[in-house]
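Each remark here refers to the structure printed beneath this line.
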Amino acid sequence: MEATAVRRGTLYIVATPIGNLADVTERARAVLNSVDLICCEDTRHSQRLMEHLGCKTPLISLHEHNEREKSSLIVGKLNAGDSIALVSDAGTPLISDPGYVLVNQVVEAGLPVVPVPGVSAVISALSVAGLPTDRWYFEGFLPSKTGARVKRMAQLANNPETLVFYESSHRIVASLEDMVSEFGADRPVCVARELTKTFETTLRGTLEQVLQQVQADRNQQKGEFVVVLGGAKALEQGEEDERAFRLAAELKAVMPPKKAAALVADTFGGQKKVYYQYIINLEQSE
1 MEATAVRRGT LYIVATPIGN LADVTERARA VLNSVDLICC EDTRHSQRLM
51 EHLGCKTPLI SLHEHNEREK SSLIVGKLNA GDSIALVSDA GTPLISDPGY
101 VLVNQVVEAG LPVVPVPGVS AVISALSVAG LPTDRWYFEG FLPSKTGARV
151 KRMAQLANNP ETLVFYESSH RIVASLEDMV SEFGADRPVC VARELTKTFE
201 TTLRGTLEQV LQQVQADRNQ QKGEFVVVLG GAKALEQGEE DERAFRLAAE
251 LKAVMPPKKA AALVADTFGG QKKVYYQYII NLEQSE
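First residue of the sequence shown? That's 1 in the UniProt record's numbering, and the numbers climb one at a time after it.
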């Protein structure tokens with residue numbers, strides 16, 4: 001398919017730059033200039049990009065508060081033969097941005113959905129983090145409230161995959177402090193700030209080291225952040241996590257030792273026989 005060709009009755013999911021406007025692809029430029037309508041989060045924000053591209057295609061707002069209502073309208077336009085593009089404020093639509101409801105309705109209507117790939121902040125951060133990328137887990141934004149955030153981190157603490165989070169300027173310090181507490185001060189991390197923009201920075205080191213850098217420099221607390229965190233290391237014999245023993249002690253009261261030991265091993269790693277013997281020793285000492 002040629003770069004300028006768009007098909008009637010088709011929804012195009014178009015990635016746009018996350019900062020540097022030179023990152024827009026030729027295909028994205030062609031599609032945005034060729035479709036009948038562009039759906040975007042904020043028409044005022046997207047209008048600046050369209051002016052840069054010389055694009056005069058009409059814009060319609062589609063965001064988390066009106067997506068369900070507007071999706072039916074858009075599906076109707078697609079059924080009538082219009083070609084439509086979906087963009088977010090920056091990056092690839094649907095990645096921690098609106099669009100799922102619309103795409104789901106378009107798919108259910110049996111209409112084609114076509115990706116126009118480009119920039120994604122999560123992929124950009126992974127590419128420069130210096131951490132394993134063969135397996136990774138994208139969490140997106142953590143909860144804003146401390147209690148919920150810490151609880152979610154505790155659930156992720158033993159994931160062996162590299163973890164990727166989005167974070168905002170007013171929570172970056174608190175989130176890094178919570179990460180030190182829940183993941184450990186020595187866990188490797190990369191904090192990528194303002195990717196592709198004028199004041200882009202990338203900090204690497206342990207969580208404790210990077211937290212101290214961010215705390216010491218107010219400029220490192222501004223902008224948009226992608227936090228790429230090394231996964232939990234597999235425990236070897238004799239390295240069972242102290243939290244695992246605490247859980248084993250709690251489970252001892254509600255289930256048989258073998259079952260409790262198996263559950264702890266599944267949760268934290270380590271050897272079942274170590275946890276089993278620990279539970280037996282606790283019972284014998286009571």
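Note that beta-carbon positions come from the ideal geometry of N, C-alpha and C, so glycine has one too.
Look up Glu250 in the DSSP assignment and say whether it is helix, strand or coil.
Here residue 250 is taken as the residue at index 250 of the sequence shown, counted from 1. If DSSP states are grouped into helix, strand and coil, Glu250 belongs with the helices.
With DSSP run on the structure shown, which of helix, strand or coil describes Ile13?
As a working mapping, residue 13 is identified with position 13 in the sequence shown. Correct three-state label for Ile13: strand.
Since Ser61 sits in a beta bridge, which residues does DSSP pair it with?
Translated into positions along the sequence shown, residue 61 becomes position 61. Under DSSP, Ser61 forms a beta bridge with Cys40.
Considering only their Cβ atoms, is the gap separating Ala232 from Val128 smaller than 8 Å?
Counted from its first residue, the sequence shown places residue 128 at position 128. Counted from its first residue, the sequence shown places residue 232 at position 232. No, the Cβ-Cβ distance between Val128 and Ala232 is not below 8 Å.
Quick check on the burial criterion: 16 or more other C-beta atoms within 10 angstroms. Buried or exposed for Tyr276?
If you number the sequence shown from 1, residue 276 lands on position 276. Flag for Tyr276 reads buried.
Sequence-distant residues of its chain with Cβ nearer than 7 Å to Gln47 (five each side left out):
Mapped onto the sequence shown, residue 47 falls at position 47. Sequence-distant Cβ neighbours of Gln47 in its own chain, meaning closer than 7 Å and more than five residues away, are Leu59.
Should the segment 147-155 be called in touch with the segment 187-207, which here means at least 3 C-beta pairs below 8 Å?
They do not touch, by the three-pair rule.
Would you call the segment 84-94 and the segment 19-36 touching, i.e. three or more CB-CB distances under 8 Å?
As far as the Cβ criterion goes, the segment 84-94 touches the segment 19-36, which means the pair count is three or higher.
Contact belief for Gly269 with Asn158 at Cβ below 8 Å, rounded distance in angstroms:
For the purposes of this step, residue 269 is taken as residue 269 along the sequence shown, with counting starting at 1. For the purposes of this step, residue 158 is taken as residue 158 along the sequence shown, with counting starting at 1. Confirmed, Cβ separation roughly 7 Å.
Using a Cβ distance threshold of 8 Å, determine whether the segment 113-120 contacts the segment 55-70, with at least three qualifying pairs required.
Counting C-beta pairs closer than 8 Å gives fewer than three between the segment 113-120 and the segment 55-70, which falls short of the contact rule.
Alpha carbon to alpha carbon, how far is Pro132 from Pro160?
Walking along the sequence shown from the start, residue 132 turns up at place 132. Walking along the sequence shown from the start, residue 160 turns up at place 160. Straight across, the Cα-Cα distance linking Pro132 with Pro160 is about 10 Å.
Alpha carbon to alpha carbon, what distance is there between Lys252 and Asn66?
Against the sequence shown, residue 66 aligns to sequence position 66. Against the sequence shown, residue 252 aligns to sequence position 252. For Asn66 and Lys252, the distance between alpha carbons rounds to 50 Å.
Would you kindly work out how many angstroms separate the C-alpha atoms of Phe183 and Ile280, rounded to a whole number?
As a first step, residue 183 is located in the sequence shown; it is residue number 183 there, counting from the start. As a first step, residue 280 is located in the sequence shown; it is residue number 280 there, counting from the start. Near 29 Å, if we compare the C-alpha coordinates of Ile280 and Phe183.
Please name the residue in Ala121, Gly140, Leu282 whose C-alpha comes closest to that of Asp23.
Within the sequence shown, the letter at position 23 stands for residue 23. Proximity to Asp23 across Ala121, Gly140, Leu282 peaks at Ala121, based on C-alpha coordinates.
Quick one: what's Tyr137 bridged to in DSSP?
As a first step, residue 137 must be located in the sequence shown, where it is residue number 137. DSSP, once it has assigned bridges, lists Leu163 as partnering Tyr137.
Starting from Gly184, trace the beta strand (DSSP E) both ways and give me its first and last residue.
For the purposes of this step, residue 184 is taken as the residue at position 184 of the sequence shown. Boundaries for Gly184: no beta strand (DSSP E) harbours it, and the DSSP string shows neither H nor E there.
Rounded separation between Val103 and His52 - CA only:
The residue labelled residue 103 in the question sits at position 103 within the sequence shown. The residue labelled residue 52 in the question sits at position 52 within the sequence shown. Inter-residue distance for Val103 and His52 is about 27 Å (C-alpha atoms, whole angstroms).
Continuous alpha helix (DSSP H) stretch holding Ala260: start and end:
Numbered from 1 along the sequence shown, position 260 holds the residue referred to as residue 260. First-last of the alpha helix (DSSP H) with Ala260: 257-268.
For Gln213, I'd like the list of residues in its chain whose CB is within less than 7 Å of its CB, leaving aside the five on either flank, ordered along the chain.
Taking the first residue of the sequence shown as position 1, residue 213 is located at position 213. Spatial neighbours of Gln213 in its own chain (CB-CB distance under 7 Å, excluding positions within 5 residues in sequence) are listed in chain order as Leu203, Gln220.
Excluding the 5 residues preceding and the 5 following Val210 in the sequence, name in chain order all residues of the same chain whose CB lies nearer than 6 Å to its CB.
Position 210 of the sequence shown, counted from the first residue, corresponds to residue 210. Once the five neighbours on either side are set aside, the close Cβ partners of Val210 are Val189, Val191, Leu203.
Local Cβ density within 10 Å of Ser175, reported as buried at 16 or more and exposed below that
Along the sequence shown, read from residue 1 onward, the residue named residue 175 stands at position 175. Buried is the label assigned to Ser175, since at least 16 other Cβ atoms lie within 10 Å of its Cβ.
Classify Thr146 as helix, strand or coil using the three-state DSSP reduction.
Residue numbering aside, residue 146 sits at position 146 when the sequence shown is read from its first letter. Helix, per DSSP.
Helix, strand or coil for Ala232? Go by DSSP, reduced to three states.
Position 232 of the sequence shown, counted from the first residue, corresponds to residue 232. In the three-state scheme derived from DSSP, where H, G and I count as helix and E and B as strand, Ala232 is classed as coil.
Using the three-state DSSP reduction, which class does Gly91 fall into: helix, strand or coil?
In the sequence shown, residue 91 corresponds to position 91, counting from 1. DSSP places Gly91 in the strand class (E or B) of the three-state scheme.
Please classify Ser124 as buried or exposed, where buried requires at least 16 neighbouring CB atoms within 10 angstroms.
Here the question's residue 124 lines up with position 124 in the sequence shown. Ser124 should be labelled buried.
Relative to the alpha-carbon of Val107, which residue among Ile13, Val254, Leu207 has its alpha-carbon at the smallest distance?
As a first step, residue 107 is located in the sequence shown; it is residue number 107 there, counting from the start. With distances taken between CA atoms, Val107 lies nearest to Ile13 out of Ile13, Val254, Leu207.
Compute the beta-carbon to beta-carbon distance between Asn79 and Gly9, rounded to the nearest angstrom, for a pair I have assumed lies under 8 Å.
Residue numbering aside, residue 79 sits at position 79 when the sequence shown is read from its first letter. Residue numbering aside, residue 9 sits at position 9 when the sequence shown is read from its first letter. Asn79 to Gly9, Cβ: 7 Å. Contact.
Quick one: complete beta strand (DSSP E) runs, 3+ long, within the segment 187-216?
Correct list: 188-193, 201-206.
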